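Data first, discussion second: the structure below is written as structure tokens.
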Amino acid sequence: MKTERWRRSIQIVFFVLIALIAVNHTLSESGASIPIPFLADASLHAVCPFGGVVTIHKLVTEGGFVQKIHESSLVLGIAVLVTAFLVGPAFCGWICPFGTFQEFVSKLGRKLLGKRFGKLIPKKLDRVLKYLRYAVLIWVVVMTAISGKLIFSDYDPYYALFQFWTGEVAITGFVALGIVLIMSLFVERPFCRYACPYGAFLGLTNLFRFMPIRRKASTCISCTKCDKACPMGIEVSNKTIIRDPSCISCLLCTSDAACPVSGTVELKVIPYKELKDA
Amino acid sequence: MRNKAALVAAVLVLSLAAGYGVSKATGYWKTKGSKNPIKIQKGEFAGENDPGDIRGSYSFDDIDAAFGVPPQMMAAAFGLKGDNPGALQAKSLETTWGELEGGVEIGTDAVRLFTALWTGIPYDMEETTVLPEAAVEILETYNKIDAQKAVQLRISAVKLPNAAAGEELTDVTEDHEVPDRMVRGLTTFGDLQDWGVTEEMWLEEFGKPMGSKADDMKDWADETEIPMSEIKSAVQEMVDSGA
Ligand code: SF4
Ligand code: SF4
Numbered sequence: 001m002k003t004e005r006w007r008r009s010i011q012i013v014f015f016v017l018i019a020l021i022a023v024n025h026t027l028s029e030s031g032a033s034i035p036i037p038f039l040a041d042a043s044l045h046a047v048c049p050f051g052g053v054v055t056i057h058k059l060v061t062e063g064g065f066v067q068k069i070h071e072s073s074l075v076l077g078i079a080v081l082v083t084a085f086l087v088g089p090a091f092c093g094w095i096c097p098f099g100t101f102q103e104f105v106s107k108l109g110r111k112l113l114g115k116r117f118g119k120l121i122p123k124k125l126d127r128v129l130k131y132l133r134y135a136v137l138i139w140v141v142v143m144t145a146i147s148g149k150l151i152f153s154d155y156d157p158y159y160a161l162f163q164f165w166t167g168e169v170a171i172t173g174f175v176a177l178g179i180v181l182i183m184s185l186f187v188e189r190p191f192c193r194y195a196c197p198y199g200a201f202l203g204l205t206n207l208f209r210f211m212p213i214r215r216k217a218s219t220c221i222s223c224t225k226c227d228k229a230c231p232m233g234i235e236v237s238n239k240t241i242i243r244d245p246s247c248i249s250c251l252l253c254t255s256d257a258a259c260p261v262s263g264t265v266e267l268k269v270i271p272y273k274e275l276k277d278a
Numbered sequence: 279m280r281n282k283a284a285l286v287a288a289v290l291v292l293s294l295a296a297g298y299g300v301s302k303a304t305g306y307w308k309t310k311g312s313k314n315p316i317k318i319q320k321g322e323f324a325g326e327n328d329p330g331d332i333r334g335s336y337s338f339d340d341i342d343a344a345f346g347v348p349p350q351m352m353a354a355a356f357g358l359k360g361d362n363p364g365a366l367q368a369k370s371l372e373t374t375w376g377e378l379e380g381g382v383e384i385g386t387d388a389v390r391l392f393t394a395l396w397t398g399i400p401y402d403m404e405e406t407t408v409l410p411e412a413a414v415e416i417l418e419t420y421n422k423i424d425a426q427k428a429v430q431l432r433i434s435a436v437k438l439p440n441a442a443a444g445e446e447l448t449d450v451t452e453d454h455e456v457p458d459r460m461v462r463g464l465t466t467f468g469d470l471q472d473w474g475v476t477e478e479m480w481l482e483e484f485g486k487p488m489g490s491k492a493d494d495m496k497d498w499a500d501e502t503e504i505p506m507s508e509i510k511s512a513v514q515e516m517v518d519s520g521a
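Protein chains in written order, with the working numbering: chain A, 1 to 278; chain B, 279 to 521.
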């Protein structure tokens, strides 16, 4: 259980931090604010690493940032990318407050639905729908490059959740938040699975990350507890190295959490020989 | 490290901290726009500030510093009132006026258009952008646009619902001049010294020395990271007390 305690602690710290930043920014616009060390009265956009991704085109072609994005987003975007090269999209599994929010709602869904939770979307359909977020990613990057504006914020449920009181959220943002909220009662992390452009971007690092999740087939007892634990619906039990782009490095499948056999599912640097045989 | 959860936590926290630390130390870390619009890259106006890059968060002081449009002129053009027009932000137009008759909106893009016309720097406005009638009148009065352009702009111009805005506008347009001794982003330290502001007064107020005679307030604000609106009101008081 120690893995989950570590992860939950980090998730809660970042959830509270982002909530504080969001409130503080509103207060600062009315002249009052709590000085948060390091961040002063930064806006939510200023601390969003995805801003660093969507602004790349403008940065390269014009040397500027898209509206509402600043140097801090680029710095955080690079830092998160470095972590993703090393340990995969752990940002999603450990930091992103919207991922945390969906997990909270899903906890309630599990209580209400019991064993029926997670059965709403058939596996085959789930696999197809997971490509949707790449369409969203391409659309966001292209449209942001064309317009020079943060077009996704009008549809972004994360922005709607942390700015609902400001009057700056578009109706489409609230609709997206409502859909995610309802879906989270039936399926784990629906936005991360099917729609998040940043998750899609970071997910690509699973294809070559330095430390992937590895299942040791020789000690696996095929209990499929790892499959049941995975919030992204990945079938860990039939793979040796998890290169699935939707893995969020939450470590819930590992032998420190769900897997009952010690050392069988692990986050690990894979020796070259094993990589070749995999 | 055997504890993989601790390892992941460490990787995340350390790289975010390192990113922040290094960028802060090198002066790259910024959570707000520099309020310096990007420059036009090509053509006749290459090197000029681009009005199209004005953001909603720009105050009228910021716009003044970058484009030389006096804040009180901007406030009058858009029917905004207040003791400190320089502190008003472009995005405040949307909240002040919301949707007007006929579904038109007066917002940041109208500020960009007004600035572009005031400075004569070209800018591709959005199709739906219109100006208030008062703005067109100011542009014409100050010879920023010709009669033909004024007629063209008046076709789509909107009358702002607040009658008081019109009264203020009359005051501004009658003066035809920026009020004497008004502290703006473009005001230089040379101007301030002529207006009676001394190094001692400055040090007492800000705890930092004045810039050189040719430096303007905006440069000093950028350098010291003290908000322009704060500097402006304090300096205006110094100027007024010495007058
Ligand atoms: S996929 Fe998107 S919403 Fe989900 S955790 Fe990652 S960044 Fe957050
Ligand atoms: S495969 Fe394991 S680490 Fe990856 S998302 Fe699923 S449970 Fe988390």
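Ideal Cβ positions, reconstructed from N, Cα and C, are used throughout, including at glycine. Quick caveat, the model's predicted, so the values are computed rather than measured.
With 16 or more neighbouring CB atoms inside 10 Å of its own CB, Pro190 (chain A) falls in the buried class. Within the chosen limit of 7 Å, ligand 2 does not reach the beta carbon of Ile10 (chain A) with any heavy atom. Shown here, Thr264 (chain A) sits in coil according to DSSP, grouped into three states, outside any helix or strand.
Rounded to whole angstroms, the gap between the alpha carbons of Phe323 (chain B) and Gly357 (chain B) is 30 Å.
Around the beta-carbon of Val300 (chain B), fewer than 16 other beta-carbon atoms lie within 10 Å, marking it exposed. In the DSSP secondary-structure assignment, Ile242 (chain A) is bridged to A:Ile213.
Ligand 2 never approaches Met211 (chain A) closely enough for any of its heavy atoms to be under 7 Å from the residue's Cβ. Burial is judged here by how many other beta carbons sit within 10 angstroms of a residue's own beta carbon; Trp165 (chain A) has fewer than 16 and is exposed. For a Cβ distance threshold of 8 Å, nothing in chain A lies close to Leu470 (chain B): the least Cβ distance comes to about 26 Å.
Short of 8 Å from the beta carbon of Pro89 (chain A), and not among the five residues preceding or following it, lie these beta carbons of its own chain, in chain order: Gly199, Leu202, Gly203, Thr205, Asn206, Cys247, Ile248 and Ser249.
Of all residues in the stretch 247–259 of chain A, only Ser249, Leu251, Thr254 and Asp256 place a beta-carbon less than 8 Å from a beta-carbon of chain B. Taking 8 Å as the cut-off between beta carbons, the residues of the stretch 53–87 of chain A near chain B are Glu62, Gly63, Gly64, Phe65, Gln67, Lys68, His70, Glu71, Ser72, Val75, Leu76, Ile78, Ala79, Val80, Val82, Thr83, Leu86 and Val87, in sequence order. Between the stretch 77–87 of chain A and the stretch 171–181 of chain A, the count of Cβ pairs shorter than 8 Å is below three; the stretches do not touch. Partner residues in the beta bridge of Ser337 (chain B), as assigned by DSSP, are B:Gln367. Per the Cβ contact rule, the stretch 335–345 of chain B is in contact with the stretch 393–410 of chain B (3 or more Cβ pairs under 8 Å). For Arg214 (chain A), the nearest beta carbon of chain B is not closer than 8 Å to its own beta carbon. Taking the Cα positions, Glu62 (chain A) is about 27 Å away from Ser370 (chain B). Spatial neighbours of Ile36 (chain A) in its own chain (CB-CB distance under 7 Å, excluding positions within 5 residues in sequence) are listed in chain order as Leu20, Ile21 and Asn24. Within its own chain, the residues whose Cβ lies closer than 8 Å to the Cβ of Ala425 (chain B), once the five positions on either side in sequence are excluded, are Glu418, listed in chain order. The beta carbon of Lys149 (chain A) sits no closer than 8 Å to any beta carbon of chain B. Val389 (chain B) sits away from Arg459 (chain B), with the two beta carbons spaced by 8 Å or more. For Ser72 (chain A), the uninterrupted alpha helix (DSSP H) run begins and ends at Glu71 to Val87, by DSSP. Counting only the Cα atoms, Lys496 (chain B) lies some 15 Å from Lys486 (chain B). The beta-carbon of Leu267 (chain A) is placed less than 8 Å from the nearest beta-carbon of chain B. Within 10 angstroms of the beta-carbon of Tyr306 (chain B) lie fewer than 16 other beta-carbons, which makes it exposed. Distance between Asn238 (chain A) and Val128 (chain A), taken at the CA atoms: about 19 Å. Only residues of its own chain outside the window of five on either side were considered, and among them Ile95 and Pro97 have a CB closer than 7 Å to the CB of Phe14 (chain A), listed in chain order. Between Ile18 (chain A) and Leu150 (chain A), the C-beta gap is not smaller than 8 Å, which leaves the two residues out of contact. Per DSSP, the unbroken alpha helix (DSSP H) holding Cys192 (chain A) starts and ends at Pro190 to Tyr194.
Secondary structure of Lys149 (chain A) (DSSP, three-state): coil.
As the crow flies, the alpha-carbon of Glu515 (chain B) is around 34 Å from that of Gln67 (chain A). Counting only the Cα atoms, Tyr336 (chain B) lies some 46 Å from Cys230 (chain A). Approximately 5 Å separates the beta-carbon atoms of Ile241 (chain A) and Arg214 (chain A); this is inside 8 Å, confirming the contact. Cβ proximity to chain A below 9 Å picks out Gly297, Tyr298, Val300, Ser301, Lys302, Tyr306, Trp307, Lys308, Thr309, Lys310, Gly311, Ser312, Pro315, Ile316, Lys317 and Gln319 from the stretch 297–322 of chain B. Contact annotation, Cys259 (chain A) with Lys225 (chain A): C-beta distance approximately 6 Å; criterion of less than 8 Å satisfied.
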